[in-house]
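Participant: One structure follows; several queries about it will come next.
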Amino acid sequence: MSFKNSLTEKRPRLTLVGAGPGDHELITVKGAKALKDATVILYDALIDPKIFEYASPRVIRRFVGKRCGLHTYSQEEINEMIVSYALTYGHVVRLKGGDPFVFGRGYEELAYAGSFGIETDVIPGVTSATSLPALKKIPLTTRGLNESFWVLTGTTADRKISNDIFLAAQTNATVVILMGLKKLGEIAGIYKEAGKKDLPVAVIVNGSLPNEQFIRGTISDIQLKISEYDIHGPALILIGEAVGLQLDKDSRYIENIKAQFA
Ligand code: SAH
95 MSFKNSLTEK
105 RPRLTLVGAG
115 PGDHELITVK
125 GAKALKDATV
135 ILYDALIDPK
145 IFEYASPRVI
155 RRFVGKRCGL
165 HTYSQEEINE
175 MIVSYALTYG
185 HVVRLKGGDP
195 FVFGRGYEEL
205 AYAGSFGIET
215 DVIPGVTSAT
225 SLPALKKIPL
235 TTRGLNESFW
245 VLTGTTADRK
255 ISNDIFLAAQ
265 TNATVVILMG
275 LKKLGEIAGI
285 YKEAGKKDLP
295 VAVIVNGSLP
305 NEQFIRGTIS
315 DIQLKISEYD
325 IHGPALILIG
335 EAVGLQLDKD
345 SRYIENIKAQ
355 FA
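Residue numbers (this note's numbering): 95 to 356.
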């Protein structure tokens, strides 16, 4: 019987867990339960250590992030760590910022572990792409203003600007750009070419964390405004008419709603 128990405990397993955008309370209930159950947690940069209050005090924690000047691991090394920890210790939680399937390479890790016969699960996370605008009370879609929102990366795998940004600039979509701050000048140029120099833009840095920075502007002036800030940390760029809505300053939307029901 005890033999059976130890086998159950050591069952190699990988759970990919989305940690949410930063604020540790924005992990899901199911994600927090997985942390409690984990024997090993492999976590990325952008994870607030406060999140470990949901984990067992005996858990083995390994930082495998790609910043902070610490030893950095290649994706191949991370894949191998997942497999070897799961085979040795049982339940590995791979904790990733936001949602593991939004620019998170989560699928690669699942596929690699799966190829070793390791059981895998995914617990979605609250992605920065939708939650950070919501926390700033910026709606991604607004009746009458736009019909879609696009989530793009500013920097493609070969470090170039994504062709999708040219396409997005032609639409009324609210555009959310991750990993794009270094390309902001280029992005603004694309929107200017599309005749949209007055379109509202916002930049959120370290969103949902105590050191959050929030900068509003337009396609024409955002670059200048940003240059006045000392920015360290991940940043999200939001572009579109809906980004200009401000409950406290702009009564446009409220007036529209009242007019609809008058
Ligand atoms: N899987 C993550 C995204 C990983 S890519 C998610 O779903 O949120 C990392 C990029 O996400 C960062 O470069 C930045 O553009 C954005 N990001 C993540 N957390 C952020 C935060 N707290 N504030 C601002 N941007 C953030």
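Idealized CB from N, CA, C, for every residue including glycine.
Considering only their Cβ atoms, is the gap separating I298 from K343 smaller than 8 Å?
Facilitator: Contact flag unset, no.
Participant: What did DSSP end up calling K291 once you bin it into helix, strand or coil?
Facilitator: Of the three classes helix, strand and coil, the one that applies to K291 here is coil, per DSSP.
Participant: Identify every residue that forms a DSSP beta bridge with R155.
Facilitator: I135, per the DSSP bridge assignment.
Participant: I need the straight-line Cα distance from A149 to L129, nearest angstrom please.
Facilitator: Each residue's alpha carbon lies about 5 Å from the other.
Participant: DSSP on L110, reduced to helix/strand/coil?
Facilitator: In the structure shown, L110 sits in a strand (DSSP, three-state: E or B).
Participant: Which of the three DSSP states, helix, strand or coil, is assigned to A356?
Facilitator: Correct three-state label for A356: coil.
Participant: Can the beta-carbon of G279 be found closer than 8 Å to that of Q317?
Facilitator: Against a cut-off of 8 Å, the Cβ pair of Q317 and G279 comes out as a contact.
Participant: So does V158 have its beta carbon nearer than 7 Å to some heavy atom of ligand 1?
Facilitator: No; taking the cut-off as 7 Å, the Cβ of V158 has no heavy atom of ligand 1 nearer than that.
Participant: Taking the straight line between their C-alpha atoms, what separation do you get for H185 and E147?
Facilitator: If I take the Cα positions, the gap works out to 18 Å.
Participant: Can you tell me which of D193, V123, A228, L332 puts its alpha carbon nearest to the alpha carbon of I271?
Facilitator: With distances taken between Cα atoms, I271 lies closest to L332.
Participant: Which residue from G208, P218, K127 puts its Cα closest to that of D193?
Facilitator: Answer by Cα proximity: P218.
Participant: Excluding the 5 residues preceding and the 5 following C162 in the sequence, name in chain order all residues of the same chain whose CB lies nearer than 7 Å to its CB.
Facilitator: Confidence at C162 is low in this model, with a pLDDT of 49, below 50, so its placement is unreliable and the value that follows should be read with caution. Once the five neighbours on either side are set aside, the close Cβ partners of C162 are A139.
Participant: Among G159, G334, K277, F157, whose alpha-carbon lies nearest the alpha-carbon of T250?
Facilitator: Out of G159, G334, K277, F157, K277 has the C-alpha closest to the C-alpha of T250.
Participant: Judging by CA-CA distance, which residue of Y179, Q340, G191 is the nearest neighbour of L234?
Facilitator: Of the candidates Y179, Q340, G191, the one whose C-alpha sits nearest the C-alpha of L234 is Q340.
Participant: Please confirm if M175 has its CB atom under 8 Å from at least one CB of chain E.
Facilitator: The structure shown has no chain E; it contains just one protein chain.
Participant: CB of A296 to nearest heavy atom of ligand 1: below 7 Å?
Facilitator: No; taking the cut-off as 7 Å, the Cβ of A296 has no heavy atom of ligand 1 nearer than that.
Participant: Would S168 be called buried (16 or more neighbouring beta carbons within 10 Å of its own) or exposed?
Facilitator: The residue in question, S168, is exposed, as its Cβ has fewer than 16 Cβ neighbours within 10 Å.
Participant: Rounded C-beta distance between T312 and M273? I'm assuming under 8 Å.
Facilitator: Actually they are not in contact, since the Cβ atoms of T312 and M273 sit about 22 Å apart, beyond 8 Å.
Participant: Quick one: residues in its chain with C-beta nearer than 6 Å to the C-beta of A356, no 5 flanking neighbours on either side, listed in chain order?
Facilitator: Around A356: no qualifying Cβ.
Participant: Am I right that G301 and L226 are in contact with their C-beta atoms under 8 Å? What's the rounded C-beta distance?
Facilitator: Correct: roughly 4 Å between the Cβ atoms.
Participant: With a CB to CB cut of under 6 Å and the five nearest residues on each side skipped, what residues in its chain are close to G125?
Facilitator: Taken in chain order, the residues that qualify are V111, I217.
Participant: Along the chain, where does the alpha helix (DSSP H) containing F260 start, and where does it finish?
Facilitator: It spans 257 to 262 - the alpha helix (DSSP H) in which F260 sits, taken as one unbroken run.
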